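A short worksheet on the structure shown next.
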Amino acid sequence: MSALSQYIEIFDSHRATIEAKSAEVMNLCRQDARNRLEGKRLPQKGTEGYEKTSIEDMFAPDFGVNINRVNIPVDVSLSFKCDVPNMSTIMAFVVNDSFVPSSTLHNKMPQGVIIDSLAKVATENPQLVSRYYNQLADNDNEAVALNTMLAQDGVMIYVPRGVVMERPIQLVNIFNSAAPLMGVRRLVIVVEEGAKAQLLICDHTQNSEYRYLSSQVIEAFVGQNASLDIYDIEESSDTTSRYSQLYARQERDSQLIVNGVTLTGGVTRNDYHIELVGDNCTSTLGGMAIGSGHQHIDNNSDVRHLSAHCNSNQLFKCVLDEESTGAFEGAIYVAPGAQFTEAYQSNRNLLASKSARMHTKPQLEIYNDDVKCSHGATTGQLDADALFYMRSRGIPEQEARTMLMQAFMVDVIDMVKMEGLRDRLRHLVEKRFYGQQASCADCGVTCRDPKKD
Amino acid sequence: MKNIEDKDKNKKPVTPEKNNDIINDVTSGEYKYGFVTDIDTDIIPQGLNEDVVRLISQKKGEPEWLLEFRLKAYRHWLTLEVPTWAHLDIPEIDFQAISYYAAPKKKEGPKSLDEVDPELLDTFNKLGIPLEEQKVLSGMAVDAVMDSVSVKTTHKEKLAELGIIFCSFSEAVRDYPDLVKRYLGSVVSYRDNFYAALNSAVFSDGSFVYIPKGVRCPMELSTYFRINAAGTGQFERTLIVADDDAYVSYLEGCTAPMRDENQLHAAIVEIIVEDRAEVKYSTVQNWYAGDKDGRGGVYNFVTKRGLCRGDNSKLSWTQVETGSAITWKYPSCVLAGDGAVGEFYSVAVTNNRQQADTGTKMIHTGRNTRSTIVSKGISAGHSQNSYRGLVKVAPNADGCRNYTQCDSLLLGSHCGAHTFPYIDVLNDTAVVEHEATTSKISEDQIFYCNQRGIPTEDAVALIVNGYAKEVMNKLPMEFAVEAQKLLQITLEGSVG
Chain A
5 MSALSQYIEI FDSHRATIEA KSAEVMNLCR QDARNRLEGK RLPQKGTEGY EKTSIEDMFA
65 PDFGVNINRV NIPVDVSLSF KCDVPNMSTI MAFVVNDSFV PSSTLHNKMP QGVIIDSLAK
125 VATENPQLVS RYYNQLADND NEAVALNTML AQDGVMIYVP RGVVMERPIQ LVNIFNSAAP
185 LMGVRRLVIV VEEGAKAQLL ICDHTQNSEY RYLSSQVIEA FVGQNASLDI YDIEESSDTT
245 SRYSQLYARQ ERDSQLIVNG VTLTGGVTRN DYHIELVGDN CTSTLGGMAI GSGHQHIDNN
305 SDVRHLSAHC NSNQLFKCVL DEESTGAFEG AIYVAPGAQF TEAYQSNRNL LASKSARMHT
365 KPQLEIYNDD VKCSHGATTG QLDADALFYM RSRGIPEQEA RTMLMQAFMV DVIDMVKMEG
425 LRDRLRHLVE KRFYGQQASC ADCGVTCRDP KKD
Chain B
61 MKNIEDKDKN KKPVTPEKNN DIINDVTSGE YKYGFVTDID TDIIPQGLNE DVVRLISQKK
121 GEPEWLLEFR LKAYRHWLTL EVPTWAHLDI PEIDFQAISY YAAPKKKEGP KSLDEVDPEL
181 LDTFNKLGIP LEEQKVLSGM AVDAVMDSVS VKTTHKEKLA ELGIIFCSFS EAVRDYPDLV
241 KRYLGSVVSY RDNFYAALNS AVFSDGSFVY IPKGVRCPME LSTYFRINAA GTGQFERTLI
301 VADDDAYVSY LEGCTAPMRD ENQLHAAIVE IIVEDRAEVK YSTVQNWYAG DKDGRGGVYN
361 FVTKRGLCRG DNSKLSWTQV ETGSAITWKY PSCVLAGDGA VGEFYSVAVT NNRQQADTGT
421 KMIHTGRNTR STIVSKGISA GHSQNSYRGL VKVAPNADGC RNYTQCDSLL LGSHCGAHTF
481 PYIDVLNDTA VVEHEATTSK ISEDQIFYCN QRGIPTEDAV ALIVNGYAKE VMNKLPMEFA
541 VEAQKLLQIT LEGSVG
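Chains as they are written, first to last, in the working numbering: chain A, 5 to 457; chain B, 61 to 556.
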């Protein structure tokens, strides 16, 4: 039995329940997704595009799906450990796959901005949601179709025309349940013409006794002359698998920054599909992964230049220690007619232990002559000379290695435009290299510790 | 310019009716090797089954073990499916519509050059291959393979003095069965891939080279391959063995007549490099590429692999790919000996409707092995040119080093250039670098040339040659000149 069939079974036998606890707009897409999955399998290791990561294995354990939308009580304050000090954000939580507004969410928001439960917005304003929901995601991909088939809720972020969000939006994804669970997360982000928004997503697992799987599909629409930054930080547990797929479309003169940071986790696979459909877009895609233990991190990017005068820049860096494995597959596609394209891609990897493994496959696919495109990939270890230099000045080897590794990550961190977050990331990376998870002690926010209560 | 002597008038591609003289010039200069030689050819009926495999083996008077090898390969081939993963648009090939054996008819093997069919000599003269003994001075030993049967090998005696064996594959099977048996299929097994299995089943001839211990081959060894007969495929095998401390430089050239059907060329090249030996393998591939609308042309699906078995051995591939409707090959190095070195230098040019998916594989399994890959792709017209390469470092291969550079040059806005490198590092002491760029010829450079009175077309040729120089420099001199000219011819007419 393939992993997919257990989820199809859930859908077929509990369809009424799933639909009752969701919204009409989302229900309309289910049958089509279900049909596409007929007779299919989830990609396995070795499939083109999935050389080193088996989605089949990821989805194979018997995960529960919370189709009855049972409210699992979660102490969100525990996750304040990822709050960014010196930065005021508009915060919301997603517990497993249900939206939980924070008390201060609504009164802080500029006029017309929506940050709310996707199912709720879809019920209240179906026209708006149907315009965007499931419009970008590629349902020919089995994992996306699975998400579309089962997704009951998610987050809708809507920034109307001309609104510039002063404060960043922070979305905290939390896993916590008393049984193995699959979170079917769905995110729709719309930034209309001339609008501007910054989004910070943090993934956490609170109860790492059980296995979790996050199936996340993000659809981001960046309107004309709009600007959107997405920073996605994963700090979960080794029992958490994550398959996150981002589909973004950029209109004329728009700007997009996507930066994915994987600090801790089990098996992580991130897909970034970015379509540049209007002229003169700028797109920056960054990725940083630090692996240790048996972590597996696979980043996959596909930047599609469909229009002229666009710029894209990709930088992915990876440090792998112990038994961890990493993979990167990145593509730049330049369509016929996308003249004056400038597209760059760079992938740099450090192997810090004997048994760490890295697989990279950068790709260029270019159907046009007036372009400047390049990609580069390196896999190696720390510079022996630099290490020697530091040791000869009295820095212990371990310390020197850590410093060099930190320095290696600096240019990905520098791609972050939020100053507070940048500092915080530097701090997190440093902690990560010393083998610690960030804790409440570092946090500027004083919140109660439930264990002491 | 026209030395085309096409006997098959109705199959000749139609020259587009253009008033423009220049364009006419260019199109007639499309492919100067497109003649057909009218010599008696022994062709077996089309189709492939066990009987055909037996018939080929019988015609060649092969020993039992070789027939067994062929049959094993054939049976394995039957279980395989046509691979489709390449970035190529390959029309379905009907493997039953190909004749798997075509040989120039021989009454008795020619004893000297005088007995060789004069038509045949003409052919090779047209190709500019110094077959005649008087061209001893040109210092090259040539094995000419026509329709996958070796017709003449020169300089044999001189090489024999040094103990070097350079002969056709069938002679090798006859005269040195132990050597052939020992090495055949040891680098490219018949189970390797679809086309390798096909070749192993039906290969008709090829070249065999053995350089004994400590011998430095004093001249370049060269093979010219030519497909002549219509409706046939060419399936030859090359096997090169360089024993300890040996050195050889081997050249390979390929041409074919112009026909509006597609012909299949599925060859295998196996190279074994022992301790401290060095092999340099250069290819100038100029199979017929099809006409401007993509009719006809050769499908060039070749499996080339070298095994650097010895410590500090070295294998260097240099290729200039300008022909073939579809080129699909990855000359590879398996660096098994400690300190082995693999090199790959390639220029692949595609024009009109040509497609190429080519590159290399560097598999590092020995310690301190090094590899360099320099690939230059040039696409023009409506062609698609892809680089696909694998660099793999095995878990126990400490201290490996790889440097890869692949550049693509685009001429015209309807062509495509693609890069698909696969990098697999399973060892933390390896240093692997990959760099790729894609761009077009800058207008500044063209303007600079124009300003100095160089017409745009010449300027492009000049710039392209400069761009490919890094690879051209690696070619033996005789070939470098030819390759440079080829590059010019291939790109003619591609500048709007």
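Each residue gets a CB set at the ideal place from its N, CA and C atoms; glycine is no exception.
Given the structure is predicted, the values throughout are model-derived calculations rather than measurements.
Output, in chain order, the set of chain B residues within a Cβ distance shorter than 7 Å of Ser328 of chain A. In the first sequence, residue 328 of chain A corresponds to position 324, counting from 1. Residues of chain B with a Cβ closer than 7 Å to the Cβ of Ser328 of chain A do not exist; the shortest Cβ-Cβ separation is about 11 Å.
Establish whether the CB of Arg405 of chain A and some CB of chain B are separated by less than 8 Å. For the purposes of this step, residue 405 of chain A is identified with residue 401 of the first sequence, where counting begins at 1. No, no contact with chain B.
Cβ-based burial, Glu403 of chain A [other Cβ within 10 Å; buried from 16]: Translated into positions along the first sequence, residue 403 of chain A becomes position 399. Exposed, because fewer than 16 other Cβ atoms sit within 10 Å of the Cβ of Glu403 of chain A.
Taking the alpha carbon of Tyr255 of chain B as the point to measure from, which residue in B:Glu517, B:Phe155, B:Asn510 has its own alpha carbon closest? Taking the first residue of the second sequence as 1, we reach residue 255 of chain B at position 195. Nearest C-alpha to Tyr255 of chain B: B:Phe155.
Along the chain, which unbroken stretches of the alpha helix (DSSP H) at least 4 residues long are found entirely within the segment 223-250 of chain B? 229-235, 237-243
Just the chain B side, please: which residues come within less than 8 Å of Asp373 of chain A by C-beta, in chain order? Numbered from its first residue, the first sequence carries residue 373 of chain A at position 369. Near Asp373 of chain A (Cβ distances below 8 Å), the residues of chain B are Leu470, Leu471, Gly472, Ser473, Cys475, Lys500.
Output, in chain order, the set of chain B residues within a Cβ distance shorter than 7 Å of His309 of chain A. Counting from 1 along the first sequence, the entry for residue 309 of chain A is found at position 305. Going along chain B, no residue has its Cβ under 7 Å from His309 of chain A, so there is no contact; the nearest lies around 12 Å.
Taking 8 Å as the threshold (beta carbon to beta carbon), is His325 of chain B in contact with chain A? Locating residue 325 of chain B in the second sequence gives position 265, counting from the first residue. Not one chain A Cβ lies under 8 Å of His325 of chain B.
Under 7 Å Cβ-Cβ, which residues of chain B neighbour Lys376 of chain A? What you label residue 376 of chain A is simply residue 372 of the first sequence in a count that begins at 1. In chain order: Ser499.
Under 8 Å between the Cβ atoms of Val358 of chain B and Gly383 of chain B? Position 298 of the second sequence, counted from the start, is the residue given in the question as residue 358 of chain B. Position 323 of the second sequence, counted from the start, is the residue given in the question as residue 383 of chain B. Cβ distance < 8 Å, so Val358 of chain B and Gly383 of chain B count as in contact.
Kindly say whether Pro47 of chain A, judged by its beta-carbon, lies nearer than 8 Å to any beta-carbon of chain B. Taking the first sequence and counting its residues from 1, one reaches residue 47 of chain A at position 43. Judged by the 8 Å Cβ criterion, Pro47 of chain A is not in contact with chain B.
Whole-Å CB distance - Leu324 of chain B paired with Gly366 of chain B, under 8 Å assumed: Along the second sequence, one-based indexing puts residue 324 of chain B at 264. Along the second sequence, one-based indexing puts residue 366 of chain B at 306. With 8 Å as the limit, Leu324 of chain B and Gly366 of chain B do not qualify as a contact, their Cβ atoms being about 24 Å apart.
For Ala232 of chain B, which of B:Ser499, B:Glu503, B:Arg297 has the nearest alpha-carbon? Numbered from 1 along the second sequence, position 172 holds the residue referred to as residue 232 of chain B. The option with the nearest alpha carbon to Ala232 of chain B is B:Arg297.
How long is the line joining the alpha carbons of Asp235 of chain B and Leu299 of chain B, rounded to whole angstroms? Your numbering for residue 235 of chain B matches position 175 in the second sequence. Your numbering for residue 299 of chain B matches position 239 in the second sequence. Asp235 of chain B and Leu299 of chain B: Cα-Cα distance of roughly 15 Å.
The alpha helix (DSSP H) enclosing Leu310 of chain A, as first and last residue numbers: Along the first sequence, read from residue 1 onward, the residue named residue 310 of chain A stands at position 306. Taken as a continuous stretch (DSSP letters only), Leu310 of chain A belongs to no alpha helix (DSSP H), as it is neither H nor E.
Beta-carbon neighbours of Leu140 of chain B, restricted to chain A and to distances below 8 Å: Here residue 140 of chain B is taken as the residue at index 80 of the second sequence, counted from 1. Ordered by position in chain A, no residue passes the 8 Å Cβ test against Leu140 of chain B, which lies about 17 Å from the chain.
Using a beta-carbon distance below 8 Å, is His363 of chain A in contact with chain B? The residue you call residue 363 of chain A lines up with position 359 of the first sequence. With 8 Å as the cut-off, His363 of chain A counts as an interface residue toward chain B.
If you reduce the DSSP assignment to three classes, tell me which class Asp85 of chain B lands in. Position 25 of the second sequence, counted from the first residue, corresponds to residue 85 of chain B. Residue placement at Asp85 of chain B cannot be trusted, given a pLDDT of 39 that sits under 50; what the coordinates show is reported in the next sentence. Helix, per DSSP.
Pro400 of chain A, buried or exposed, once every other Cβ within 10 Å from all chains shown has been counted against 16: The residue labelled residue 400 of chain A in the question sits at position 396 within the first sequence. Flag for Pro400 of chain A reads exposed.
Decide if the segment 341-353 of chain B is in contact with the segment 245-263 of chain B; the criterion is three or more beta carbon pairs, one per stretch, under 8 Å apart. no
Under a three-way DSSP split, which group does Gly121 of chain B fall into? Your numbering for residue 121 of chain B matches position 61 in the second sequence. Looking at Gly121 of chain B - three-state DSSP - the assignment turns out to be coil, as it is neither helix nor strand.
Which same chain residues end up closer than 6 Å to Glu346 of chain A when comparing Cβ atoms and leaving out the 5 residues on each side of it in sequence? The count along the first sequence starts at 1 and reaches residue 346 of chain A at position 342. Asn315, Lys376, listed in sequence order.
Neighbouring residues, chain B, relative to Thr382 of chain A (Cβ below 8 Å): Residue numbering aside, residue 382 of chain A sits at position 378 when the first sequence is read from its first letter. Ordered by position in chain B, the residues that pass the 8 Å Cβ test against Thr382 of chain A are Val491, Val492, Glu493, His494.
Is there a Cβ from chain A that is less than 8 Å from the Cβ of Tyr270 of chain B? As a working mapping, residue 270 of chain B is identified with position 210 in the second sequence. For Tyr270 of chain B, not one C-beta of chain A is nearer than 8 Å to its own C-beta.
Taking the C-alpha atoms as reference points, what is the distance between Arg130 of chain B and Phe229 of chain B? Against the second sequence, residue 130 of chain B aligns to sequence position 70. Against the second sequence, residue 229 of chain B aligns to sequence position 169. Straight-line Cα distance between these residues: approximately 14 Å.
Is it right to say Pro481 of chain B is buried, meaning 16 or more other beta carbons lie within 10 angstroms of its own, or is it exposed? The count along the second sequence starts at 1 and reaches residue 481 of chain B at position 421. That one is buried.
Proximity of Glu306 of chain B and Ile271 of chain B at Cβ, strictly below 8 Å: As a first step, residue 306 of chain B must be located in the second sequence, where it is residue number 246. As a first step, residue 271 of chain B must be located in the second sequence, where it is residue number 211. Sequence inspection shows Ala at residue 306 of chain B; the Glu mentioned does not correspond to that position. Yes, the pair counts as a contact, with Cβ atoms nearer than the cut-off.
Minimum C-alpha distance to Ser468 of chain B - residue among B:Asp353, B:Glu122, B:Lys500, B:Asp484: The residue given as residue 468 of chain B occupies position 408 in the second sequence. The option with the nearest alpha carbon to Ser468 of chain B is B:Lys500.
Report the three-state DSSP secondary structure of Leu535 of chain B (helix, strand or coil). Within the second sequence, residue 535 of chain B is the residue found at index 475, counting from 1. Of the three classes helix, strand and coil, the one that applies to Leu535 of chain B here is coil, per DSSP.
Mind checking if Pro481 of chain B is an interface residue toward chain A, Cβ cutoff 8 Å exclusive? Residue mapping note: residue 481 of chain B aligns to position 421 of the second sequence, counting from 1. Taking Cβ atoms only, chain A reaches closer than 8 Å to Pro481 of chain B, which makes this a yes.
Which one of A:Ala339, A:Asn177, A:Gly424 has the shortest CA to CA distance from Asn211 of chain A? Here the question's residue 211 of chain A lines up with position 207 in the first sequence. Looking at A:Ala339, A:Asn177, A:Gly424, the one whose alpha-carbon comes closest to that of Asn211 of chain A is A:Asn177.
Roughly how many angstroms separate the alpha carbons of Pro77 of chain A and Val98 of chain A, rounded to a whole number? Counting from one through the first sequence, the residue named residue 77 of chain A turns up at place 73. Counting from one through the first sequence, the residue named residue 98 of chain A turns up at place 94. If you take the alpha carbons of Pro77 of chain A and Val98 of chain A, they lie about 12 Å apart.
Residues of chain B with CB closer than 9 Å to the CB of Ser357 of chain A, please, in chain order. Mapped onto the first sequence, residue 357 of chain A falls at position 353. In chain order: Asp488.
What residue range does the alpha helix (DSSP H) around Met409 of chain A cover? Within the first sequence, numbered from 1, the residue matching residue 409 of chain A stands at position 405. First-last of the alpha helix (DSSP H) with Met409 of chain A: 401-417.
What are the partner residues of Gln156 of chain B, as DSSP defines its beta bridges? Walking along the second sequence from the start, residue 156 of chain B turns up at place 96. Gln156 of chain B is not bridged to any residue.
Answer with yes or no whether the minimum CB distance from Glu13 of chain A to chain B is below 8 Å. Position 9 of the first sequence, counting from 1, holds the residue named residue 13 of chain A. Taking Cβ atoms only, chain B never reaches closer than 8 Å to Glu13 of chain A, which makes this a no.
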